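Peer 1: My numbering applies: residue 53 is where the sequence shown begins, and numbers increase by one.
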Amino acid sequence: MGASKARLRGPHLASVLLVLSAATVATAQSIQIPPAGLPAGSSYRVLCRTTEVTDATSANIDTYNAFAQSDADAVPELAALNTTWTALVSTSTVHARDNSASDPSPAGATGVPIFLPNGARVANDYDHLWGAATTPLLTPPELNSSGAWGGGHTWTGSNHDGIGWGPNSMGASNVIVGTSAFVDQKWFHRGSATATQQRPIYIMSDVLTVSAPGQNINLPPADLPRGAAYRVLMVTSTQRDATSPEIGDYNAFVQTDAMSVTQLAALGTTWKALVSTDTVHARDNSMTIPTPPGPTGVPIYLPNGVRIADDYDHLWGTGTTPLYAAPNVTSLGGNVDTFVFTGTRVDGLLAPGYTMGSGLVSIGSTIPTSINWIEAGEAALPENQGRLYGLSNVLTVPDVPAAQVVRAGTPANPTAFLPGVTGPIVGQVWNPSIDHSSFASTSTADLVMLGWGAANIVVPPFVGTLLVDTVFGTLTATPGSTFALALPADNGLVGVQFYSQAISLDASGQILFANAINVTIGNL
């Protein structure tokens, strides 16, 4: 019996570093990608200066593109974007705007908005980016790939319009530089410097797309069997101050934040803040007391399904055993590089004099996996706006039976599309088939459409009713064989629903529609 296979799959993670001064209480800039305020489906690009520096002696554009990619990939949050980074520099043979596919109109597309890593918009499109001589940039491009500010000369080898500057392009003895503190044409062309000097370059991502809220949430975690217990740790997507001495205020805040996200609300759990007040320790508030006073606990995951700790001993023992991953995933499923109010020491106990509601409040950082995740060794003014960590109550991987419901439609199609002998179960192969004994007996090709929506549309001149909408894939098989859809052993797929419909092409070339099967992926 022949079979064809298709696969479903889902998403993942990342972050950088932050410095806070207790004396000045000045926060470093956070990485905020995707930019706040862009609706789901919006396209954008990210521009920044490299954190590392290089000379400008090479005339090979590939040298600078490799440098750009390496610099961005060294930052977990940028690496998690899974995009290509190109250098905004010109050699004697390649212009910066051609290298970065950012040609302004009419030579190319007007393009998409361009942002710094902290979410600040630099330019509305490519015309704007290369037209700063007449329309200044919206903010100076001073942020580097690590999310830190740093003005200064930056190699470009280019005129302000992104075109190479002849004898002063990359690889020449003297090379054009821009200055990142400017928003006019001097951001890209201000003067020149000896090519052997060490300076950063500007780099830009490929076009990115804003995911729908919660799209990157993968719960229950893929590595847990049915019935297994776990908890979820998230960073709030919203911010508040730390002026209240009441633990209940912070618990209510993280509960509201989590319940605003459909996927987290569906867990039906209570969320507690990982913060300490003068009277309540974070580990007591969250019921995560490590051994020997309490149970070792259960594994802890991020909303994207990545495990960060095996148990409570691990969570509060990062002085010796780092977390498996940075705790940088928000309730919306995105990544964030920021500080969080904690009022807490590395062991989960309150930080004396720096608890929530004090004159200065202890903070953590979403970037490290060391003790700094909860105790960064710094403090912030309680009036500042900051995020909190929220921890779910204990959850259990549920039993979800797989379902295959036959639907004929109106007018009804022949019920020749048969459910799989093996159901749509994670880690197994769903294998529906077409019974040709009374349907399309001379079929030369069989196909199954897979869609996210149901439909009921009569489609002349085809014979039958179209029952699937928003098609995301197809399965094919030779007539008489079974179809095969390999479902990954990923608990994040449990409960996912989709729709399928079989279609055959008979010997006369006529397209014939069979029934649909409404599918629910289960784990038993």
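All residues carry an ideal CB built from backbone N, CA and C; glycine is no exception.
No experiment lies behind these values; they were computed from the predicted model shown.
For Glu-427, count the other beta carbons within 10 Å of its own beta carbon; 16 or more makes it buried, fewer makes it exposed. Which is it?
Peer 2: For the purposes of this step, residue 427 is taken as the residue at position 375 of the sequence shown. Buried is the call here.
Peer 1: Candidates Leu-545, Pro-404 and Arg-439: which alpha carbon is nearest Pro-453's?
Peer 2: The residue given as residue 453 occupies position 401 in the sequence shown. Of the candidates Leu-545, Pro-404 and Arg-439, the one whose C-alpha sits nearest the C-alpha of Pro-453 is Leu-545.
Peer 1: Tell me whether the beta-carbon of Ala-139 lies closer than 8 Å to the beta-carbon of Tyr-116.
Peer 2: The residue you call residue 139 lines up with position 87 of the sequence shown. The residue you call residue 116 lines up with position 64 of the sequence shown. Ala-139 places its beta carbon less than 8 Å from that of Tyr-116.
Peer 1: Three Cβ pairs or more, each shorter than 8 Å: is that satisfied between the segment 379-397 and the segment 323-333?
Peer 2: yes
Peer 1: Spatial neighbours of Ile-423 within its chain, please: CB distance less than 6 Å, with the 5 preceding and 5 following residues excluded, ordered by chain position.
Peer 2: As a working note, residue 423 is residue 371 in the sequence shown. Only Thr-370, Gly-371 and Val-398 meet the Cβ criterion.
Peer 1: Roughly how many angstroms lie between the CA atoms of Pro-128 and Ile-419, to the nearest whole one?
Peer 2: What you label residue 128 is simply residue 76 of the sequence shown in a count that begins at 1. What you label residue 419 is simply residue 367 of the sequence shown in a count that begins at 1. Between Pro-128 and Ile-419, the C-alpha separation is close to 9 Å.
Peer 1: Measure the C-alpha to C-alpha separation of Pro-476 and Leu-276 and round it to an integer number of angstroms.
Peer 2: By one-based count along the sequence shown, residue 476 stands at place 424. By one-based count along the sequence shown, residue 276 stands at place 224. For Pro-476 and Leu-276, the distance between alpha carbons rounds to 18 Å.
Peer 1: Looking only at C-alpha atoms, which of Asp-177, Pro-272, Asn-170 and Ala-88 sits nearest to Pro-355?
Peer 2: For this step, residue 355 is matched to residue 303 along the sequence shown. Out of Asp-177, Pro-272, Asn-170 and Ala-88, Pro-272 has the C-alpha closest to the C-alpha of Pro-355.
Peer 1: Kindly list the residues whose CB is nearer than 6 Å to the CB of Thr-572, restricted to its own chain and excluding five residues on each side of it in sequence; keep chain order.
Peer 2: The count along the sequence shown starts at 1 and reaches residue 572 at position 520. Scanning its chain for C-beta atoms nearer than 6 Å, with the 5 sequence neighbours on each side dropped, one finds around Thr-572 the residues Ala-455 and Gln-549, in chain order.
Peer 1: Reducing DSSP to helix, strand and coil, say where Val-235 ends up.
Peer 2: Mapped onto the sequence shown, residue 235 falls at position 183. Reduced to three states, the DSSP call for Val-235 is coil.
Peer 1: Given Ser-221, which residues of its chain have a CB within under 6 Å of its CB, disregarding the five upstream and five downstream residues?
Peer 2: As a position in the sequence shown, residue 221 is number 169, starting the count at 1. So the list reads Ser-142, Thr-143, Ser-144 and Gly-209, once near-sequence residues are dropped.
Peer 1: Pull the bridge partners of His-205 from the DSSP assignment, please.
Peer 2: Within the sequence shown, the letter at position 153 stands for residue 205. As DSSP reads the structure, His-205 sits in a beta bridge with Thr-231.
Peer 1: Mind the definition here: the segment 291-311 touches the segment 469-484 only if three or more C-beta pairs lie below 8 Å; say whether that holds.
Peer 2: no
Peer 1: Within 10 angstroms of the Cβ of Asp-114, are there 16 or more other Cβ atoms? Answer buried if so, exposed if not.
Peer 2: By one-based count along the sequence shown, residue 114 stands at place 62. Asp-114 comes out exposed.
Peer 1: Is the segment 356-364 touching the segment 94-108 in the sense that three or more CB pairs, one from each, lie closer than 8 Å?
Peer 2: no
Peer 1: Inspect the beta-carbon positions of Gly-461 and Thr-522 and report whether they are closer than 8 Å.
Peer 2: Against the sequence shown, residue 461 aligns to sequence position 409. Against the sequence shown, residue 522 aligns to sequence position 470. For Gly-461 and Thr-522, no; Cβs fall outside 8 Å.
Peer 1: Are the Cβ atoms of Ile-352 and Val-457 separated by less than 8 Å?
Peer 2: Mapped onto the sequence shown, residue 352 falls at position 300. Mapped onto the sequence shown, residue 457 falls at position 405. Cβ atoms of Ile-352 and Val-457: not closer than 8 Å.
Peer 1: Can you list, in chain order, the residues of its chain with a C-beta nearer than 8 Å to that of Thr-526? Leave out the 5 residues immediately preceding and following it.
Peer 2: Taking the first residue of the sequence shown as position 1, residue 526 is located at position 474. So the list reads Ala-58, Leu-499, Val-500, Met-501 and Leu-502, once near-sequence residues are dropped.
Peer 1: Thinking C-alpha only, which one of Asn-268, Gly-230, Asp-301 and Asp-236 is nearest Arg-251?
Peer 2: Start at 1 with the first residue of the sequence shown, and residue 251 comes out as number 199. Ranking Asn-268, Gly-230, Asp-301 and Asp-236 by Cα distance to Arg-251 puts Gly-230 first.
Peer 1: Which residues in the same chain have their Cβ closer than 8 Å to the Cβ of Ala-403, if we skip the five residues on either side of it in sequence?
Peer 2: The count along the sequence shown starts at 1 and reaches residue 403 at position 351. The answer, listed in chain order, is Ser-328, Thr-394, Gly-395, Thr-396, Arg-397, Ser-414 and Glu-427.
Peer 1: Give me the Cα-Cα distance between Asp-213 and Asn-151, rounded to the nearest whole angstrom.
Peer 2: As a working note, residue 213 is residue 161 in the sequence shown. As a working note, residue 151 is residue 99 in the sequence shown. If I take the Cα positions, the gap works out to 13 Å.
Peer 1: Determine the extent of the alpha helix (DSSP H) in which Gln-315 is found, giving its start and end residues.
Peer 2: Your numbering for residue 315 matches position 263 in the sequence shown. Segment 314-317, the alpha helix (DSSP H) holding Gln-315.
Peer 1: For Asp-389, which residues does DSSP report across the bridge?
Peer 2: Translated into positions along the sequence shown, residue 389 becomes position 337. For Asp-389, which the question treats as bridged, DSSP gives the partners Ile-83.
Peer 1: Ignore the nearest five residues each way along the sequence and tell me which others in Pro-463's own chain have a CB closer than 8 Å to its CB.
Peer 2: Position 411 of the sequence shown, counting from 1, holds the residue named residue 463. These residues qualify, in order along the chain: Val-510 and Thr-517.
Peer 1: So, for Met-408: in the same chain, excluding its five sequence neighbours on each side, which residues have a beta-carbon less than 6 Å away from its beta-carbon?
Peer 2: For this step, residue 408 is matched to residue 356 along the sequence shown. Ala-294, Val-327, Thr-329 and Gly-395, listed in sequence order.
Peer 1: So, under 8 Å CB-CB, Ser-225 and Leu-133 are touching, yes? Tell me the CB distance rounded to an integer number of Å.
Peer 2: Residue numbering aside, residue 225 sits at position 173 when the sequence shown is read from its first letter. Residue numbering aside, residue 133 sits at position 81 when the sequence shown is read from its first letter. Not a contact, Cβ separation roughly 36 Å.
Peer 1: Using beta-carbon positions only, say whether Pro-583 and Val-287 come within less than 8 Å of one another.
Peer 2: Nothing can be reported for residue 583, as the shown portion of the chain is limited to 53 through 576.
Peer 1: Looking at the structure shown, is Arg-242 part of a helix, part of a strand, or coil, going by DSSP?
Peer 2: Mapped onto the sequence shown, residue 242 falls at position 190. Here Arg-242 sits in coil by DSSP.
Peer 1: Quick one: what's got a C-beta closer than 8 Å to Val-235's C-beta in the same chain, skipping five residues either side?
Peer 2: Here residue 235 is taken as the residue at index 183 of the sequence shown, counted from 1. Once the five neighbours on either side are set aside, the close Cβ partners of Val-235 are Ala-184, Pro-188, Leu-189, Leu-190, Thr-191 and Pro-192.
Peer 1: So if DSSP puts Tyr-26 in a beta bridge, which residue, or which two residues, is it bridged to?
Peer 2: No information on residue 26 is available, as it lies outside the stretch 53 to 576 that the chain covers here.
Peer 1: When we look at the beta-carbon of Thr-106 and count the other beta-carbons within 10 Å, is it buried (16 or more) or exposed?
Peer 2: Position 54 of the sequence shown, counted from the start, is the residue given in the question as residue 106. That one is buried.
Peer 1: Out of Ser-410, Ser-198, Ser-552 and Phe-491, which one is the CA nearest neighbour of Pro-471?
Peer 2: Taking the first residue of the sequence shown as position 1, residue 471 is located at position 419. Minimum Cα distance to Pro-471 is reached at Ser-552.
Peer 1: Would DSSP call Thr-530 helix, strand or coil?
Peer 2: As a working note, residue 530 is residue 478 in the sequence shown. Thr-530: coil per DSSP, three-state reduction.
Peer 1: Taking the alpha carbon of Thr-474 as the point to measure from, which residue in Asp-155, Gly-223, Gln-437 and Ala-536 has its own alpha carbon closest?
Peer 2: Taking the sequence shown and counting its residues from 1, one reaches residue 474 at position 422. Ranking the options by Cα distance to Thr-474, first place goes to Ala-536.
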